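See structure below.
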Amino acid sequence: MSFNERYGAWAKRSGELFAEASTVIPGGAGSSARTVKFGWKPYPPFMASGTGSRIRDVDGHEYVDYLLGLGPMILGHRHPTVTAAVADAIQVYGTCFGLPYELEIEAARKVIDAVPGIDLIRFTNSGSEAVGSAVRIARAYTGRRLIIRFEGHYHGWQDTVYWSNHVDPAVAGPASRPRPVPSGPGVPAELEGTMLVLTWNDPESFAAVMAERGDEVAAVITEPAVFNTGCILPEPGYLELLRELTKLHGALLPRRRIPGRRGWRQRGGHVDHRGRPVLAFRHLQRQRGGLRRRLGDDGSARRAWLVPAAAGSRPAADGWLA
Ligand SMILES: Cc1ncc(COP(=O)(O)O)c(C=O)c1O
């Protein structure tokens with residue numbers, strides 16, 4: 002029996018929902034990253050509910066949600082205190098105003114108080130927006146245009162980064178210097194010149210490109226442990242190399258920080274994928290003086306990018322996102 006046949010029997014109801022979803026939602030899923038095209042073959046499982054650390058699909062299978070709903074469910078699913086607070090807020094204030102409101106100041110202040118080194122926050126609704134903001138800020142701050150990203154990584158659907166996720170090997174170019182390939186139609190080909198795509202976990206190609214063009218690079222964006230093309234851990238020393246060479250060339254390395262328990266609670270810094278403290282952009286603090294780390298985050302506080310704060314003659318942080 003083929004995998005698809007076995008999966009189809011195992012996830013029958015999900016299959017029915019996927020067929021129905023595909024008639025009203027492009028690709029049958031709310032994020033491109035969860036579509037067949039991006040590897041969820043023959044279709045993704047559909048979830049029914051979650052409680053605490055577990056989620057359950059519509060076919061009755063239970064999973065431990067190690068991904069924490071991709072970040073926001075740090076207290077587990079349907080935590081009674083969180084559920085009550087959300088319901089209260091909607092009852093007392095309303096749902097959405099499209100204008101500033103006092104609660105968002107309180108939310109921002111809570112994050113700032115909980116995470117050392119953060120002094121300003123932009124909330125966003127999705128990871129794509131957070132990445133788009135991080136890329137824009139990196140370009141504004143450095144005055145450079147070039148972004149380095151890695152083949153197979155996914156950073157959302159914005160034109161600037163919707164490239165080279167699941168690439169047809171026939172058009173991918175050599176592993177030592179892959180060719181950027183748009184992930185779908187409608188992405189302007191002109192943007193190809195604004196990025197370099199590299200093979201991940203390959204220190205030689207990264208070192209070579211930084212030696213050649215490091216001073217043109219605004220930022221290097223990476224999934225620290227690859228989630229969107231299977232689960233691939235970085236080789237020992239690889240992330241450290243990214244850090245070292247971006248630092249050397251004055252490029253930024255936005256860190257996606259999920260507010261996990263250790264990260265938010267640990268005093269003195271965020272933690273990396275191995276639980277060790279990281280101090281993103283510290284080199285910039287030293288180099289340019291007075292820089293402090295900032296956090297860009299989405300509305301549900303599920304993702305965060307660390308970006309540098311304003312310094313000297315640089316435009317004010319508000320200007321970078323305006
Ligand atoms: C590493 C990474 N960055 C960005 C995104 C984009 O997030 P969203 O789908 O919320 O726009 C994703 C989504 O899966 C992701 O995995």
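Numbering (the working numbering), first residue to last: 2 to 323. Even glycine gets a Cβ: it sits at the ideal position worked out from N, Cα and C. Remember, predicted model here, so these are calculated numbers, not experimental data.
In the structure shown, the three-state DSSP call for residue 36 is coil. Counting only residues whose CB is nearer than 6 Å to a non-hydrogen atom of ligand 1, the list in chain order is 32, 34, 127, 128, 129, 132, 155, 156, 157, 224, 228, 229. Taking a contact to require three or more Cβ pairs closer than 8 Å, the region 30 to 48 and the region 155 to 166 qualify as touching.
By the neighbour-count definition (other C-beta atoms within 10 Å, threshold 16), residue 144 is an exposed residue.
Here the region 211 to 226 makes contact with the region 151 to 159; the two share three or more CB pairs at distances below 8 Å. Here residue 196 is bridged, per DSSP, to 148. Judged by DSSP secondary structure, residue 124 falls within the beta strand (DSSP E) whose first and last residues are 122 to 125. For residue 167, the secondary structure class from DSSP, reduced to helix, strand or coil, is coil. Distance from the CA atom of residue 50 to the CA atom of residue 182, rounded to whole angstroms, is 37 Å.
Distances from the alpha-carbon of residue 237 to those of 79, 25, 204, 128 put 204 closest.
The DSSP-derived three-state label of residue 226 is coil. A Cβ-Cβ separation of about 6 Å places residue 79 in contact with residue 52 under the 8 Å criterion.
In this structure residue 234 is exposed. Its beta-carbon is surrounded by fewer than 16 other beta-carbon atoms within 10 angstroms. In the same chain as residue 55, and ignoring 5 residues on each side of it, the C-beta atoms closer than 8 Å to its own belong to 63, 64, 65, 66, 78, in chain order. The C-alpha of residue 72 is placed about 16 Å away from the C-alpha of residue 84.
As computed with DSSP, residue 50 is found in a beta bridge with 57. Note on geometry: alpha-carbon atoms of residue 103 and residue 249 lie some 41 Å from one another.
Cβ contact annotation for residue 189 (same chain, cutoff 8 Å, sequence separation greater than five): 160, in chain order. Annotation for residue 20: the continuous alpha helix (DSSP H) segment containing it runs 13 to 25.
Judged by DSSP in its simplified three-state form, residue 44 adopts coil rather than helix or strand.
Only residues of its own chain outside the window of five on either side were considered, and among them 250 have a CB closer than 6 Å to the CB of residue 215, listed in chain order. Looking at the DSSP output, residue 65 bridges to 55. The beta carbon of residue 253 lies closer than 6 Å to those of 139, 220 in the same chain, with the five residues before and after it left out. For residue 89 and residue 82, the gap between their C-alpha atoms comes out near 10 Å. By the neighbour-count criterion, in which a residue is buried when 16 or more other Cβ atoms sit within 10 angstroms of its Cβ, residue 11 is exposed. Within the region 201 to 257, the alpha helix (DSSP H) runs of at least 4 residues that lie entirely inside it are, in chain order, 204 to 214, 239 to 250. 171 is the residue among 185, 186, 171 whose C-alpha sits nearest the C-alpha of residue 179.
Apart from sequence neighbours up to five positions away, no residue of its chain approaches residue 106 with a beta-carbon distance below 6 Å. In the structure shown, the three-state DSSP call for residue 181 is coil. For residue 112, the uninterrupted alpha helix (DSSP H) run begins and ends at 103 to 115, by DSSP. Setting aside the 5 residues that flank it on each side, residue 133 is surrounded in the same chain by 159, each with a C-beta closer than 6 Å to its C-beta; the list follows chain order.
The residues 179, in chain order, have a CB closer than 6 Å to that of residue 173 in the same chain once the five nearest residues on each side in sequence are set aside.
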